[in-house]
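Q: My questions all concern the structure below.
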Amino acid sequence: MNAQPIELKKHEVAHHFETAEQEFDAAKIGMWAFIAQEVLFFSALFVAYAVMRFLHPDMFINASSMLSWKMGLFNTTVLITSSFTMVMAVQRVQVNKIAQSINYLIATLGLAGVFMVVKYFEYTSKFSHGIFTTKFFVAEGAFETLPIFFGLYFVATGLHGLHIVIGMGLIIWLILRARKGEFHSEYFTPVEMVGLYWHLVDIVWIFLFPLLYLL
Amino acid sequence: MSDSSHVGYLEAEKGLKSWLFTLDHKRIGVMYLFTVFFSLLLGGLFALLLRLELLTPTTLIFSAKQYNQLFTLHGAIMVFLFIIPSIPAALGNFILPLQLGAKDVAFPRLNLASYYIYVFGALFSVFSLFTGAVDTGWTFYTPYSVESSTSVIAMTLGAFIMGFSSILTGVNFIATIHKMRAPGMGWFRLPLMVWALYATAIIQVLATPVIGITLLLLILERILGVGIFDPTLGGDPVLFQHFFWFYSHPAVYIMILPAMGIMSELVTTFCKKNIFGYSAIAYSSIAIAIISFLVWGHHLYVSGQSEYASMIFSILTFLVGIPSGIKVFNWIATMYKGSISLETPFLYFLAFIFLFCIGGFTGIVLGALSLDVHMHDTYFVVAHFHYVMMGGTVIAFLGGLHYWWPKMFGKMYSNKWSKISWFLIFVGFNWVFLTQFVLGASGMPRRYYNYLDQFQPLHAFSTVGTWVLGSGFLIMTIYLLHSLKYGKVASANPWGGITLEWHTKGPTPIHHNFVDTPQVNYGPYDYENVEIPS
Amino acid sequence: MSEQNHSHHVIPVAVYAKTFIALLVLTALTVLASRVDLGILNTPLALGIALVKMSVVALFFMGLKWDKGISTILFVGAGVAIFIFMLLTFADFSFRGDISAEEGSTFGIKSPVKLVEPGALHHGETSKGSHH
Ligand SMILES: [Cu+2]
Numbered sequence: 192m193n194a195q196p197i198e199l200k201k202h203e204v205a206h207h208f209e210t211a212e213q214e215f216d217a218a219k220i221g222m223w224a225f226i227a228q229e230v231l232f233f234s235a236l237f238v239a240y241a242v243m244r245f246l247h248p249d250m251f252i253n254a255s256s257m258l259s260w261k262m263g264l265f266n267t268t269v270l271i272t273s274s275f276t277m278v279m280a281v282q283r284v285q286v287n288k289i290a291q292s293i294n295y296l297i298a299t300l301g302l303a304g305v306f307m308v309v310k311y312f313e314y315t316s317k318f319s320h321g322i323f324t325t326k327f328f329v330a331e332g333a334f335e336t337l338p339i340f341f342g343l344y345f346v347a348t349g350l351h352g353l354h355i356v357i358g359m360g361l362i363i364w365l366i367l368r369a370r371k372g373e374f375h376s377e378y379f380t381p382v383e384m385v386g387l388y389w390h391l392v393d394i395v396w397i398f399l400f401p402l403l404y405l406l
Numbered sequence: 158m159s160d161s162s163h164v165g166y167l168e169a170e171k172g173l174k175s176w177l178f179t180l181d182h183k184r185i186g187v188m189y190l191f192t193v194f195f196s197l198l199l200g201g202l203f204a205l206l207l208r209l210e211l212l213t214p215t216t217l218i219f220s221a222k223q224y225n226q227l228f229t230l231h232g233a234i235m236v237f238l239f240i241i242p243s244i245p246a247a248l249g250n251f252i253l254p255l256q257l258g259a260k261d262v263a264f265p266r267l268n269l270a271s272y273y274i275y276v277f278g279a280l281f282s283v284f285s286l287f288t289g290a291v292d293t294g295w296t297f298y299t300p301y302s303v304e305s306s307t308s309v310i311a312m313t314l315g316a317f318i319m320g321f322s323s324i325l326t327g328v329n330f331i332a333t334i335h336k337m338r339a340p341g342m343g344w345f346r347l348p349l350m351v352w353a354l355y356a357t358a359i360i361q362v363l364a365t366p367v368i369g370i371t372l373l374l375l376i377l378e379r380i381l382g383v384g385i386f387d388p389t390l391g392g393d394p395v396l397f398q399h400f401f402w403f404y405s406h407p408a409v410y411i412m413i414l415p416a417m418g419i420m421s422e423l424v425t426t427f428c429k430k431n432i433f434g435y436s437a438i439a440y441s442s443i444a445i446a447i448i449s450f451l452v453w454g455h456h457l458y459v460s461g462q463s464e465y466a467s468m469i470f471s472i473l474t475f476l477v478g479i480p481s482g483i484k485v486f487n488w489i490a491t492m493y494k495g496s497i498s499l500e501t502p503f504l505y506f507l508a509f510i511f512l513f514c515i516g517g518f519t520g521i522v523l524g525a526l527s528l529d530v531h532m533h534d535t536y537f538v539v540a541h542f543h544y545v546m547m548g549g550t551v552i553a554f555l556g557g558l559h560y561w562w563p564k565m566f567g568k569m570y571s572n573k574w575s576k577i578s579w580f581l582i583f584v585g586f587n588w589v590f591l592t593q594f595v596l597g598a599s600g601m602p603r604r605y606y607n608y609l610d611q612f613q614p615l616h617a618f619s620t621v622g623t624w625v626l627g628s629g630f631l632i633m634t635i636y637l638l639h640s641l642k643y644g645k646v647a648s649a650n651p652w653g654g655i656t657l658e659w660h661t662k663g664p665t666p667i668h669h670n671f672v673d674t675p676q677v678n679y680g681p682y683d684y685e686n687v688e689i690p691s
Numbered sequence: 084m085s086e087q088n089h090s091h092h093v094i095p096v097a098v099y100a101k102t103f104i105a106l107l108v109l110t111a112l113t114v115l116a117s118r119v120d121l122g123i124l125n126t127p128l129a130l131g132i133a134l135v136k137m138s139v140v141a142l143f144f145m146g147l148k149w150d151k152g153i154s155t156i157l158f159v160g161a162g163v164a165i166f167i168f169m170l171l172t173f174a175d176f177s178f179r180g181d182i183s184a185e186e187g188s189t190f191g192i193k194s195p196v197k198l199v200e201p202g203a204l205h206h207g208e209t210s211k212g213s214h215h
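Residue numbers (the working numbering), protein chains in the order written: chain L, 192 to 406; chain P, 158 to 691; chain Y, 84 to 215.
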């Protein structure tokens, strides 16, 4: 795939910055501020989960046993692995091993795809049992309040899945730019920023997995 | 480079395209300014119509449903389209890089994107007008907002999108303030407006996403059903109120903090004196930002929230008074022995102090649990938040607008008419809303389009006040637009300010703002050491 | 305020590999811990492990360990905000009805609201309509 070596392009610092370092630091602070807002974006779901679990403790225990923890565990492992490949993609570009970096990015993309496929099977198996969001919920359960758990489950995993899909789009964008030689040890800001985003998506899942599947 | 320094950013590039695709923070600020000002006039028009209906105790022009839709639109437009972006996005965009001595904000493209996201969200909200205007009130409380047949989705989606615009502006400002300061400008040489914008940005980043997810949950509840707000399934509608106010109380400080920033700029420039208690004002901005996250439950006193929670929130609410008081005392101390010039912007400063104090003190009244149980949902609340939002933020916005107008457009507005307009706005405002304190205290509930006969004199009095207030705004719109074309050419520093924005030579150049990067050696208001730029 | 080296010092691969292994071990631990019935301890344990995992990801994969202070402040600030959000929301949900359950008997204070007998509510409604 990478038969001929990639020709590296020099990065021009934007006109309103004095140095490349200032540009990089600004991007990094901006990205961390963005991550903070992402964390708060998911926060209400965790608060809702806690409150609903507080109000209906037995239903939650019953409902989470309806999810396959094996699938959840598999997906957790997939995401953690993808976080590792992502950080390696950043590390490789820092030492100018662009071809290896691209391969790590492709691996990350593939793992994200696996995650989504597993998610797809989880969703369809729930649908086939009549488990939908509350408006379309037709399944019979031990608890009348069961739809609440699945309402939260679909919203939380759905939004998380949406973040994965957006991340996949960003990784494809990185691969295309990396192939043109735009990233190298002197300039890798986008790779690092997408990496930070990707780890955040991983962190959200680190909490969702035990809360939804295990407890 | 040398010849472009004499062409201002307004003339540097020509044509509509040069505006729509501009990455220049000044031009983006100006685009925000016009959009925001238009929203103000639109929301103000709805207010005039609302008050007109309330002239008589019986139905005058609107049905109950139309009245509900009108006050929802008035609230939603004023909050989401006008006040939240008004000072940070419109004035802040223009002034922040100039005050920092920077060439632009950290992420110019993101800046333009936030403007278009804002416009896109605003269009959604306006679109909801034509598809069955929302009648839930701007707070969209469940369960009614789930059941209402009006176009709740279009309006909330609009607010959701505009939320992202606000978040991205906050992200941009945080990075800008950290990394784009001129050489020599340490944290304690920042103008206090910058501190205020920084505190605002923190709230924008940490609180706004919560309204995003809340409104998204509401939209999903309507389309798919989530159940957490639905009592019939075992959910809890009050949870929605917690979510809503976790954002919307801090949002009040998104509105008032930058207003306080403007006050610090005005008081120093028009007293020609160093600020009293610089670090106290700076830290109190951060303190307000932090405390703002601790008090949201004071909106839930009568919602069925646990009494213990209400007590805790009541006590925490009183804390806000401390940093707010610190600021007010410091501004007043700054005026002491200053050489005060009563230009229009400074008149707005004086109006702010007066009105904000009333708004703040009545906030303490409402924060007191036992009183609020009686005052809740009366006109007392309406009057209180208008004193803070309008008497505070809008007045400060107008003060800032009049202060930086010559810098923004290079033209001076009519001195006489601006003072007449200020007088009408100040008198009209108190006329309308002082009356409503009395109305509320005597038991008039908010959001009713008909009322008991005994309230008519006060209601009618308040309505007449809106005409005075409205005429003030009308005059302002006219003389400001007039000055754009016919106004006297303003000098680069008409007020004798010494913060960095007044150091740009002539009309501000487009790409680099400053011909030479400024070097900062003194505090921002050090009139004793800094020469006033001419 | 920071070292001015533009060539960001590159973290060795071994650090990332160890982080990765640690995360896998912690994941296994989460699952194992949840399979054992520890009563009320299951939830705090699972959350504790998740917090450790999050810190590992943030410190090493996201590089907070080597980063400037502001990044950590923003991240921890977001965490504190969630904590406040949880805490004060539960100040409501955990104590609902604790005081009003005893209303009438406690403190001897007369309620300003006239308490209606549960059965009498339906009769009261018709007259209430004309009153307002
Ligand atoms: Cu509040």
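Built from N, CA and C at the ideal position, the CB exists for glycine as well.
All values reported here derive from a predicted model rather than from experimental measurement.
So what does DSSP say about residue 95 of chain Y, is it helix, strand or coil?
A: Looking at residue 95 of chain Y - three-state DSSP - the assignment turns out to be coil, as it is neither helix nor strand.
Q: Check distances from the C-beta atoms of the stretch 240 to 254 of chain L to those of chain P and list, in chain order, the residues that come in under 7 Å.
A: Taking 7 Å as the Cβ-Cβ cut-off against chain P, the residues of the stretch 240 to 254 of chain L that qualify are 242, 243, 246, 247.
Q: Assign residue 645 of chain P to one of two classes, buried (16 or more other C-beta atoms within 10 Å of its C-beta) or exposed (fewer than that).
A: Per the 10 Å Cβ criterion, exposed.
Q: Who are the Cβ neighbours of residue 483 of chain P in its own chain at under 8 Å, not counting the five residues just before and after it?
A: Counting only Cβ-Cβ distances below 8 Å, and skipping sequence neighbours, we find 434, 437, 438, 441.
Q: Are the stretch 647 to 657 of chain P and the stretch 379 to 396 of chain L in contact at 8 Å, needing three or more beta carbon pairs?
A: Contact between the stretch 647 to 657 of chain P and the stretch 379 to 396 of chain L is absent, because fewer than three Cβ pairs lie under 8 Å.
Q: Candidates L:372, L:218, L:201: which alpha carbon is nearest residue 380 of chain L's?
A: Nearest C-alpha to residue 380 of chain L: L:218.
Q: Give the residues of chain Y in contact with residue 451 of chain P, contact being defined as C-beta atoms less than 8 Å apart.
A: Within chain Y, the residues near residue 451 of chain P are 167, 171.
Q: Does the CB of residue 179 of chain Y have a neighbour CB from chain P at under 8 Å?
A: It does; some Cβ of chain P falls within 8 Å.
Q: With a threshold of 8 Å between beta-carbons, can residue 208 of chain L be considered close to chain Y, or not?
A: Not closer than 8 Å to any Cβ of chain Y, the Cβ of residue 208 of chain L fails to qualify, so no.
Q: Report the rounded CA-to-CA distance for residue 271 of chain L versus residue 132 of chain Y, giving the unit in angstroms.
A: Answer to the nearest angstrom: the Cα atoms are 15 Å apart.
Q: Closer than 8 Å, CB to CB, is residue 273 of chain L near chain P or not?
A: Not one chain P Cβ lies under 8 Å of residue 273 of chain L.
Q: Quick one: what's residue 568 of chain P bridged to in DSSP?
A: Bridge partners of residue 568 of chain P: P:646.
Q: Would you tell me roughly how many angstroms separate the C-alpha atoms of residue 392 of chain P and residue 258 of chain P, rounded to the nearest one?
A: For residue 392 of chain P and residue 258 of chain P, the distance between alpha carbons rounds to 52 Å.
Q: Which of the residues in the stretch 453 to 484 of chain P, read from start to end, lie with their CB under 8 Å from any CB of chain B?
A: Absent here is chain B; the protein component of the structure consists of chains L, P and Y.
Q: Can you tell me which of P:407, P:641, P:335, P:353 puts its alpha carbon nearest to the alpha carbon of residue 366 of chain P?
A: When each option's Cα is compared against that of residue 366 of chain P, the closest is P:407.
Q: Would you mind stating whether residue 481 of chain P and residue 455 of chain P have Cβ atoms separated by less than 8 Å?
A: Not a contact, by the Cβ cut-off of 8 Å.
Q: Indicate, with yes or no, if ligand 2 has a heavy atom lying under 7 Å from the CB of residue 452 of chain P.
A: Ligands present in the displayed structure are limited to ligand 1, and ligand 2 is not among them.
Q: Does the beta-carbon distance from residue 302 of chain L to residue 276 of chain L come in below 8 Å?
A: The answer is yes: Cβ separation under 8 Å.
Q: Is the closest heavy atom of ligand 1 to the C-beta of residue 533 of chain P under 7 Å?
A: Result no, Cβ not under 7 Å from ligand 1.
Q: Would you call the CB atoms of residue 268 of chain L and residue 390 of chain P closer than 8 Å?
A: For residue 268 of chain L and residue 390 of chain P, no; Cβs fall outside 8 Å.
Q: For the alpha helix (DSSP H) that contains residue 296 of chain P, what are its first and last residues?
A: Where residue 296 of chain P is concerned, there is no enclosing alpha helix (DSSP H), given that its DSSP letter is neither H nor E.
Q: With 8 Å as the threshold, decide whether the Cβ of residue 237 of chain L is near any Cβ in chain Y.
A: Chain Y contact via Cβ: present.
Q: At a Cβ threshold of 8 Å, is residue 161 of chain Y touching chain P?
A: Answer yes: the Cβ-Cβ gap between residue 161 of chain Y and chain P drops below 8 Å somewhere.
Q: Hey, is the stretch 320 to 338 of chain L in contact with the stretch 278 to 294 of chain L, meaning 3+ C-beta pairs nearer than 8 Å?
A: Touching, no.
Q: Please indicate yes or no: does the CB of residue 409 of chain P lie closer than 7 Å to some heavy atom of ligand 1?
A: Yes, Cβ of residue 409 of chain P sits closer than 7 Å to a heavy atom of ligand 1.
Q: What first and last residue would you give for the alpha helix (DSSP H) that runs through residue 394 of chain P?
A: Here the alpha helix (DSSP H) through residue 394 of chain P covers 394 to 428.
Q: Give every residue of the same chain whose Cβ lies closer than 6 Å to the Cβ of residue 298 of chain L, excluding the five residues on either side of it in the sequence, and list them in chain order.
A: Correct list, in chain order: 276.
Q: Rounded to the nearest angstrom, how far is the Cβ of residue 711 of chain P from that of residue 513 of chain P, given a contact under 8 Å?
A: The structure shown does not extend to residue 711 of chain P, since chain P is modelled only from 158 through 691, so no value can be given for it.
Q: With a threshold of 8 Å between beta carbons, is residue 319 of chain L in contact with chain P?
A: False, the Cβ-Cβ gap to chain P never drops below 8 Å.
Q: Determine the extent of the alpha helix (DSSP H) in which residue 319 of chain P is found, giving its start and end residues.
A: Run containing residue 319 of chain P: 309 to 336, per the alpha helix (DSSP H) assignment.
Q: With C-beta atoms as the reference, is residue 432 of chain P less than 8 Å away from residue 491 of chain P?
A: Yes, these two residues count as a Cβ contact at 8 Å.
Q: Which whole-angstrom value is the C-beta distance of residue 584 of chain P and residue 625 of chain P, which I expect to be below 8 Å?
A: That belief holds up - the Cβ atoms of residue 584 of chain P and residue 625 of chain P are roughly 6 Å apart, short of 8 Å.
Q: Three or more C-beta pairs under 8 Å: does that hold for the stretch 239 to 247 of chain P against the stretch 318 to 336 of chain P?
A: Yes, they touch.
Q: At a CB distance below 8 Å, what residues from the stretch 101 to 118 of chain Y approach chain L? Give them in sequence order.
A: Listed by position, the residues of the stretch 101 to 118 of chain Y near chain L (Cβ gap below 8 Å) are 102, 103, 106, 107, 110, 113, 114, 117.
Q: Going by the C-beta, is residue 320 of chain L closer than 7 Å to any heavy atom of ligand 1?
A: Checking every heavy atom of ligand 1 against the Cβ of residue 320 of chain L, none is found closer than 7 Å.
Q: Quick one: is the Cβ of residue 543 of chain P within less than 7 Å of any heavy atom of ligand 1?
A: No - ligand 1 has no heavy atom lying nearer than 7 Å to the Cβ of residue 543 of chain P.
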